[in-house]
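Here the structure comes first, spelled out in structure tokens, and everything after it is commentary.
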Amino acid sequence: MKLKPVLDGDWRVIGPRPVGLDARLPGPDVVPTEKSPEHNACVDHHIFQSPDGAWHLWACVRRSKVGRLLYHWETRDFQAAPWRDTGEFIRADRSVGESMRDWNNEEWLQSPYFVHHRGLYWMFYGGHATGGGDSDGRTDEDPSTNALIKEAAEYTDI
0 MKLKPVLDGD WRVIGPRPVG LDARLPGPDV VPTEKSPEHN ACVDHHIFQS
50 PDGAWHLWAC VRRSKVGRLL YHWETRDFQA APWRDTGEFI RADRSVGESM
100 RDWNNEEWLQ SPYFVHHRGL YWMFYGGHAT GGGDSDGRTD EDPSTNALIK
150 EAAEYTDI
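Using numbering that gives the first Met the number 0, the first residue of the sequence shown is number 0, and each one after it goes up by one.
Shown next as structure tokens:
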């Protein structure tokens, strides 16, 4: 038997487009100034609950002035809408090989995912090649994968 998801009630936006994001981004506008209609669209997301009971939404925000970055919202009430914009974001870090040179010089981080392991929450996310070989731009121990890893120490429950 195949299962099929069904919406139970009206949908709601929990992670709206960040207001004023481009003004908060440091550095020059490295992406061409012409923006598509999806400017600062929130996509590719993951939701998890931290030990203090808070719910966290991390998502890819596309078409910011620097490209794709990861952005954070949180709430105590899972049913609330929208969730609180924390103002926290993660940009690509050239010093660890994260993508900076493809797609019109856009930064490229996407699809965050969290795993709780041994008291820590680990964030995995997709990157993009930086112009070298197929595995260039990866920071995990296995360069054949397409996942980058960051430790999310603020969610530790030890």
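Even for Gly, the Cβ is constructed at its ideal location relative to N, Cα and C. For clarity, every value in this text was computed on a predicted model and none was experimentally measured.
Using only alpha-carbon positions, find the residue among 58, 10, 2, 22 that is nearest to residue 109. The residue you call residue 109 lines up with position 110 of the sequence shown. Nearest to residue 109 by C-alpha distance, out of 58, 10, 2, 22, is 58.
How big is the Cα-Cα spacing for residue 46 and residue 40? The residue given as residue 46 occupies position 47 in the sequence shown. The residue given as residue 40 occupies position 41 in the sequence shown. In a straight line, the C-alpha of residue 46 is about 17 Å away from that of residue 40.
My parser needs the beta strand (DSSP E) runs of 3 or more residues fully inside the segment 64-127; what are they? The qualifying runs are 66-74, 83-89, 109-116, 119-125.
Where residue 22 sits in the DSSP three-state scheme: Numbered from its first residue, the sequence shown carries residue 22 at position 23. DSSP places residue 22 within a helical segment (H, G or I) once states are collapsed to three.
Cutoff 7 Å; reference residue 12; Cβ partners in own chain excluding five residues on either side: Numbered from its first residue, the sequence shown carries residue 12 at position 13. 80, 81, listed in sequence order.
So, with DSSP's three-state summary, where would you put residue 53? As a first step, residue 53 must be located in the sequence shown, where it is residue number 54. Residue 53 falls in the coil class under three-state DSSP.
Indicate the three-state DSSP secondary structure (helix, strand or coil) for residue 5 in the structure shown. As a first step, residue 5 must be located in the sequence shown, where it is residue number 6. Three-state result, residue 5: coil.
Buried or exposed: where does residue 67 fall if 16 or more other Cβ atoms within 10 Å of its Cβ makes it buried? Position 68 of the sequence shown, counted from the first residue, corresponds to residue 67. Looking at its Cβ environment, which holds 16 or more other Cβ atoms inside 10 Å, residue 67 is buried.
By the DSSP assignment, the beta strand (DSSP E) with residue 12 in it spans what residues? Your numbering for residue 12 matches position 13 in the sequence shown. Run containing residue 12: none; DSSP gives neither H nor E here.
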